[in-house]
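Okay, so the sequence shown: first residue is 80 according to the working numbering, each after it adds one.
Take a look at the structure below.
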Amino acid sequence: MSLVMYPDLLNRRDFVHDCWIIAKETDNQELKIAITADPFFYLTREDLFNLLVTHDDAMITHILNNDCNLLLKDDIGYKLIAIKHA
C-alpha cells in the first residue's frame, strides 16, 4: 500500500514529517512514538529546537535511544558525528 500511495521517497518522507508535526502540535505521545518507528522519519533543526523549548524530555530520550535521522538541506560546515554510549 505504501508503494502505491507514495511512489517516490520525497513524498513519503514529507508525509511522515507532516504527521510528526501534527502529532507534536496535538501533543499525542503515542502517535509521536509510532511515527518515529517509520523508516522514513527524520527531524530538522527546528524540530529539535521545538522539542527543547517545550521540555519534551520523554520524546528527546526516545529519539536519542533510537538514533533517529536528521535532515540537513544545505552544507554550512556542520558534520554529524554519532557518539555511541557517551
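Where is the CB? At the ideal position from N, CA and C, for every residue including glycine.
Pairing residue 122 with residue 143 gives a Cβ-Cβ distance that is not under 8 Å. In this model, residue 113 and residue 145 are separated by some 12 Å (Cα to Cα). For residue 122, DSSP records a beta bridge to 149. Judged by DSSP in its simplified three-state form, residue 115 adopts helix.
The shortest CA-to-CA distance from residue 102 to any of 88, 90, 91, 126 is the one to 126. Scanning its chain for C-beta atoms nearer than 8 Å, with the 5 sequence neighbours on each side dropped, one finds no residue around residue 106.
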